[in-house]
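First to last, the sequence lines map onto chains A and B.
The first sequence maps to residues 19 to 124 in the working numbering.
The second sequence maps to residues 19 to 124 in the working numbering.
Protein chains: 2
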Amino acid sequence: MPDEDGHPRPDEMDLRTVLHALADPLRFAVIAQFLREPEEAERTCAYFQLPVSKSTTSHHFKVMREAGLLRMVDNGNSRSVVLRRRELDARFPGLLALVGAEPAHD
Amino acid sequence: MPDEDGHPRPDEMDLRTVLHALADPLRFAVIAQFLREPEEAERTCAYFQLPVSKSTTSHHFKVMREAGLLRMVDNGNSRSVVLRRRELDARFPGLLALVGAEPAHD
DNA sequence: CAACAGGTTCTACTTGCATCGTACCTCCTG
DNA sequence: CAGGAGGTACGATGCAAGTAGAACCTGTTG
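Written out as structure tokens, the structure is:
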């Protein structure tokens, strides 16, 4: 079972769920953006400036967290998210590479 | 532009579209099933016995064809579909392997 | 020719999901 | 303590997409 923040362990990740998370253009763009940042980069949700409301942004990040794509990092002050790069590469080899290979869009 | 049957060329295939096509459980199951068959296997739509009506089945196969996953083969007699394995492996390396690695479900 | 099998198309229904506004929470800073 | 920044939770809404039924098409087989 996922931890208290809804993060699945790698063996709990479901490919269909991950694909669904990536099928949305905004979520795809967030992951693609992360892949252009240094590894282990921590970013606030606000950093991505998605063209939707705060609550919608929060919803999208929740979907990505629950799929296993992102991990929430609580810094006391503000929370950040981190791409779970190593775990995803181990669980779904090649998947992030495909996302990163896709040209940025919109 | 796609051909008269709606098949995109590999360079026209869009990863988001492909991921969306694979995010549906029935469509995912069809591709996973194809990966358990011999390469170049031709199958009728009816072969998969999806638990939905004929028109819904036709809809799902259309989505997969238009995403580039399947190619329609007209045998005069009955039509069949073929997984575009080589082209997909070239365009999205590793993607089909991920689908094939996922345990069958339901 | 009639009947059937396999697919497609069209229309309609219904479910899912992205979206938003509001209210609320937590931590920091005047 | 009051206010703001960053996020979350909940309820409502509107559109996209999965679904089914009916009519139709094509090729095969009695």
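Note that beta-carbon positions come from the ideal geometry of N, C-alpha and C, so glycine has one too.
Given the structure is predicted, the values throughout are model-derived calculations rather than measurements.
Could you have a look at residue 96 (chain A) and say whether DSSP puts it in helix, strand or coil? coil
I'd like the list of long-range same chain contacts for residue 126 (chain B), defined as Cβ closer than 6 Å, with 5 residues on each side in sequence excluded. Outside the displayed span of chain B (19 to 124) sits residue 126 (chain B), for which this structure offers no information.
In chain A, what lies closer than 7 Å to residue 38 (chain B) by C-beta? 41
Which class does residue 70 (chain B) belong to by DSSP, given the choice of helix, strand or coil? coil
Buried or exposed (CB count within 10 angstroms, at least 16 for buried), residue 48 (chain A): Per the 10 Å Cβ criterion, buried.
Reducing DSSP to helix, strand and coil, say where residue 167 (chain A) ends up. This structure does not reach residue 167 (chain A), given that chain A is present from 19 up to 124, and the question cannot be answered.
Starting from the beta carbon of residue 33 (chain B), find every residue of chain A whose beta carbon is closer than 9 Å, and list them in chain order. Within 9 Å Cβ-Cβ: 40, 46, 116, 117, 119 and 120.
Tell me which same chain residues have a C-beta within less than 7 Å of the C-beta of residue 58 (chain A), skipping the five on either side of it? 100
Can you tell me which of the three DSSP states residue 102 (chain A) falls into? coil
Cβ pair count under 8 Å reaching 3, the region 56-71 of chain A against the region 25-41 of chain A: Verdict: no, contact absent.
So the alpha helix (DSSP H) residue 43 (chain A) belongs to, where does it begin and stop? 43-53 is the extent of the alpha helix (DSSP H) around residue 43 (chain A).
Would you call the CB atoms of residue 98 (chain A) and residue 45 (chain A) closer than 7 Å? no
Kindly list the residues whose CB is nearer than 6 Å to the CB of residue 105 (chain B), restricted to its own chain and excluding five residues on each side of it in sequence; keep chain order. 28
Taking residue 111 (chain A) as the query, report the chain B residues whose CB atoms sit under 7 Å from its CB, ordered along the chain. Chain-order list of chain B residues neighbouring residue 111 (chain A): 112, by C-beta distance under 7 Å.
Indicate the three-state DSSP secondary structure (helix, strand or coil) for residue 27 (chain A) in the structure shown. coil
Would you call the CB atoms of residue 40 (chain B) and residue 37 (chain A) closer than 7 Å? Yes.
Would DSSP call residue 37 (chain B) helix, strand or coil? Under the three-state reduction of DSSP output, residue 37 (chain B) falls in the helix class.
If you measure between the beta carbons of residue 112 (chain A) and residue 112 (chain B), is that distance less than 7 Å? Contact flag set, yes.
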